[in-house]
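Take 1 as the starting number for the sequence shown in this note's numbering and just add one per residue.
Taking it in order: structure first as structure tokens, then the write-up.
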Amino acid sequence: MRASAIILLGLLFTSSLSAQVEAEYKWENGNTKAKGTLLQGGIEDGKWLYYDIKGKLVQEVTYHFGTIQGPYKQYYQNGKVSEQGSFTNAKRDSLFKTFYEDGQLESKGYFDLGYKDSLWSFYHPNGQLAEEGMYENDLKTGKWKAYYPSGKIKQESEHDSLDYRIISFYSEDGKLLLKDGEGEIIDLYPSGKTKLKAQMSAGKKDGEWRYFFENGKLMKLENYKNGLAEGKWEKYYMDGQLQWSGAYSADLKSGNWKYYFPDGKLQEAQAFKDGLKEGPYELYFENGKLVEKGNYKSDKKNGAWEWYKEDGSMDMSGSFDAGMQSGHWTYYYSDTSQVISEGDFAKDMREGVWNYYYPGGEKLKVGSFKNDLKDGEWKSWHENGQLLIEGKYVKGKEEGMWTSYFSDGNFQDQGYYDAGMMDSLWTGWYPTGQVRYSGSYDDGEKDGTWTFWNERGAKELEENYANGMLNGLRTSWYENGKPRDMGNYKDDRQDGLWYYYYESGSPMREVNYKEGRVHGSYTSWHEIGTLESEKHYVEGVPHGTFRFYGKKAGDLLKEIKFKMGERIEVTEN
1 MRASAIILLG LLFTSSLSAQ VEAEYKWENG NTKAKGTLLQ GGIEDGKWLY YDIKGKLVQE
61 VTYHFGTIQG PYKQYYQNGK VSEQGSFTNA KRDSLFKTFY EDGQLESKGY FDLGYKDSLW
121 SFYHPNGQLA EEGMYENDLK TGKWKAYYPS GKIKQESEHD SLDYRIISFY SEDGKLLLKD
181 GEGEIIDLYP SGKTKLKAQM SAGKKDGEWR YFFENGKLMK LENYKNGLAE GKWEKYYMDG
241 QLQWSGAYSA DLKSGNWKYY FPDGKLQEAQ AFKDGLKEGP YELYFENGKL VEKGNYKSDK
301 KNGAWEWYKE DGSMDMSGSF DAGMQSGHWT YYYSDTSQVI SEGDFAKDMR EGVWNYYYPG
361 GEKLKVGSFK NDLKDGEWKS WHENGQLLIE GKYVKGKEEG MWTSYFSDGN FQDQGYYDAG
421 MMDSLWTGWY PTGQVRYSGS YDDGEKDGTW TFWNERGAKE LEENYANGML NGLRTSWYEN
481 GKPRDMGNYK DDRQDGLWYY YYESGSPMRE VNYKEGRVHG SYTSWHEIGT LESEKHYVEG
541 VPHGTFRFYG KKAGDLLKEI KFKMGERIEV TEN
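Next comes the structure, spelled out in structure tokens:
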């Protein structure tokens, strides 16, 4: 459905004749998934109802010619409304309300074509006002007030598009802690335990801000100067173990930042300068072994980088220049320390000779790149060292003669390419050296006569192509050299009279085709040469009298009369 995350399956129409239909979609268990009105062309219109797999209503959406337009509701599993409002051109518009799962109002405010605008109010689960103020273009503006669940004033702040200032802050018992932007903020959990201790100056964050878990342990330490992050920052796990640490300067990350696993082992280390990654970087597995290491310059990878597998063996290595792959790169198999490929990059593109290897270290293939496209001679080998394939690329496409070989060095296939398309004569061989096939391509499509032989050198199949499709006579043979079948193709479909034979050489059947379907007489014989059946078709449909015979000449067993596929009469003899 347009403008909806719900994927609909199994459309059932109550009518298929009018321009407007009532449609219903089903879940796999048979429950309704969605239902509503569709206009001609499958466009949603009017009210649509959406349900979960258990059959509970989850959304009411109004459409106008496929676009969400008008009233909208979303529901909790318990059937109560979670959100309601109205859309204009698929954007939230006018008054919107959200609710807690028990039906208590959570928030209300206005949208102006997708942006929060005008007065917004937010509520605690007990129904008391939690926060209230104005929005303009989705940003808080002017004076905002926040309240405790008891209804007492908690905080007053001033907002503009670029910044905000806390003007006053009160403890839950009504004591003024922060006045005219000066003083200390102390926030508590419902249990009375300290949640936050923070310093303010001139309405802006200043000095230490400490956040605590309810168990009393420090959760996070922040330092500010005149509203900007400045100095040491730390975050902790609930058990008191350090999670990460670093520093800010003028609101930008600076110096060494480190991150730790819950057991205290180093997880990641990164250096910053003026908010940009600068200097060494390291990332570790939980077992303490390196995942990767390298350097950054002006927030981009630079110089040598290495990546490792969890057992400590190398995964890949290479260099960067201003964030782009450059110089020599080496890649390794995932389960061994064997190199899988190696070569050079220039500005994120493969360049020059690249070598590839089998898991055992034997050379797999070698060739050159130019601007990340294969270019020049390429060769690949069997694991025993014998040449497998050789040919030339030009700008990423095969060009000229290409040859493949069996593992003993004998020819397997040979032919030509033109700009990546098979072209001209192609020939294939059996491992014995006997020719297996021969035929031509024109712009990647088979063309002319194609012939296939068995390993003894006898013809197996001969067919003709035009424009990549079978056209003209096609003949196949048994291993003893006698014909198996023969007939004509027209544009990849059997056409005209076809002959089929037993391996002994006696006729098996004669069939007339038209555009790939049986059309006309269809006659078959027993292998001893006596008539087996006589049939007649019209464009693949049985029509007329079908006769079936025993092996004895003239022994009619059954007659069936058809009229355009319908059986009319059956006579048993």
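Just so you know, even glycine gets a beta-carbon here, dropped at the ideal spot from N, CA and C.
Treat the numbers as computed from the prediction; the structure is a model and nothing was measured.
- K143 sits exposed, since fewer than 16 C-beta atoms from the chains shown fall within 10 Å of its C-beta.
- Straight-line measurement puts the Cα of E539 at about 57 Å from the Cα of S341.
- Boundaries of the beta strand (DSSP E) harbouring N223: 218-225, taken from the DSSP string.
- Nearest neighbour of F169 by Cα position, chosen from L162, G183, D160, turns out to be G183.
- By the 16-neighbour rule on beta-carbons within 10 angstroms, M401 is exposed.
- The residue from D443, D495, F548 with its alpha-carbon nearest to that of S533 is F548.
- Note on geometry: alpha-carbon atoms of Y189 and K195 lie some 6 Å from one another.
- A direct Cα-to-Cα measurement between A322 and K300 gives close to 6 Å.
- Between the beta-carbon of N287 and that of Y296 there is about 25 Å, and that puts the pair past the 8 Å contact cut.
- In this structure, the straight-line span from the alpha carbon of Q20 to that of G85 is close to 27 Å.
- If you compare the alpha carbons of K374, K91, S254 with that of G396, the shortest gap goes to K374.
- The continuous stretches of beta strand (DSSP E) do not include T336, and DSSP gives it neither H nor E.
- Rounded to the nearest angstrom, the Cβ distance from G496 to N471 is 12 Å, too far for a contact under 8 Å.
- DSSP, read as helix, strand or coil, puts H328 in strand.
- Of the residues N371, R210, W329, the one whose Cα lies closest to the Cα of N355 is W329.
- Short of 6 Å from the beta carbon of K232, and not among the five residues preceding or following it, lie these beta carbons of its own chain, in chain order: N223, A247.
- Take the alpha-carbon of M134 and the one of S118: they are about 5 Å apart.
- Rounded to the nearest whole angstrom, the CA to CA distance from D93 to V61 is 14 Å.
- Beta-bridge annotation (DSSP): L176 is paired with Y170.
- Note on I185: 16 or more other CB atoms within 10 angstroms of its CB, so buried under the neighbour-count rule.
- In the structure shown, the three-state DSSP call for F320 is strand.
- The Cβ atoms of Y115 and E106 lie no closer than 8 Å to each other.
- At least 8 Å separates the beta-carbon of G468 from that of K482.
- Residues E214 of the same chain have their beta carbon placed closer than 8 Å to that of S191, with the five preceding and five following residues left out of the count.
- In the structure shown, the three-state DSSP call for N256 is strand.
- Between the alpha carbons of G544 and E503 lies a gap of roughly 31 Å.
- Unbroken beta strand (DSSP E) stretches of 3 residues or longer found wholly inside the stretch 241-288: 242-249, 252-260, 266-273, 276-284, given in chain order.
- Its chain contains Y502, S504, S506 as the residues whose beta carbon lies nearer than 7 Å to that of E527, once the 5 sequence neighbours on both sides are disregarded; these appear in chain order.
- Cβ-Cβ distances below 6 Å link E572 to K558 in the same chain, with the five nearest sequence neighbours on each side left out; the list follows chain order.
- In the three-state DSSP reduction, A553 falls in the coil class, being neither helix nor strand.
- For L425, the enclosing beta strand (DSSP E) stretches over residues 421-429.
- Looking from the CA of S245, the closest CA among K220, E377, L252 belongs to K220.
- Contact annotation, G294 with Y281: C-beta distance approximately 6 Å; criterion of less than 8 Å satisfied.
- Straight across, the Cα-Cα distance linking E566 with G36 is about 43 Å.
- Taking a 10 Å sphere around the C-beta of V518, we find 16 or more other C-beta atoms and assign the residue as buried.
- Note on the stretch 18-76: whole beta strand (DSSP E) runs with a minimum of 3 residues are 20-26, 32-39, 43-51, 57-64, 67-75, in chain order.
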